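Written below as structure tokens is the structure these notes are about.
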Amino acid sequence: MKYLKTIILAIFLLNLYNFASASEVYFVDMKKILNESKAGKGAHDYLKKNIESTNKKLEKEASALKKEETDLIAKKKILSSEDYKKNLNALRKKSIDHQKKRREASNQWVKKKNQARAKLIQAVNPILQKYMTDNKIEIVIDKKDILLANSNFELTDKILELLDKEIKSINLN
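What follows is the structure in structure tokens.
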């Protein structure tokens, strides 16, 4: 029993020594890097303009469909039953096509946004690795995964500055 206590105490002290000698853990705010870098802002602006122009086109199409619907309702008493049904079915088909276009535009936007994010992360990784090697840092984690840390261990602004020097924009086409 005496030996068991001694062994447990020795293991505890060795682990405490290893923990004390462990390297410091640094962190970066990837969300800030992706949103505030020159390349990230450029990609965001490009995507925003793209979705706004697409939305304008779709809104014009939607208003044309509404106008066509009101015209059809106004002509309901004038048209024969068969013509009315034919026109109504054509209008429904146009409406369904419009909804498909809207969904496709939304899916395209999400896809391009994810592509931009992936390209930016690919660009950040070598910069981060080089910084880690130059400064003998062993671990860097994302800020969102930290509960509490000393702000002296944050590298976000340094990495953001290096990224802005290295990459001005990313190609999204």
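Residue numbers (this note's numbering): 116 to 288. Virtual Cβ for every residue (Gly too), placed ideally from N, Cα, C. Treat the numbers as computed from the prediction; the structure is a model and nothing was measured.
In terms of CA proximity to asparagine 250, Phe268 leads the group Asp257, Lys215 and Phe268. In terms of Cα proximity to glutamate 281, the closest of Glu183, Leu149 and Lys153 is Lys153. Lysine 209 is a Cβ neighbour of leucine 180, given a cutoff of 7 Å.
According to DSSP, residue pairing for phenylalanine 142 in a beta bridge involves Ile256 and Glu269.
For the pair aspartate 272 and aspartate 144, the Cα-to-Cα distance works out to about 9 Å. In the structure shown, the three-state DSSP call for serine 210 is helix.
Setting aside the 5 residues that flank it on each side, alanine 264 is surrounded in the same chain by Phe142, each with a C-beta closer than 7 Å to its C-beta; the list follows chain order.
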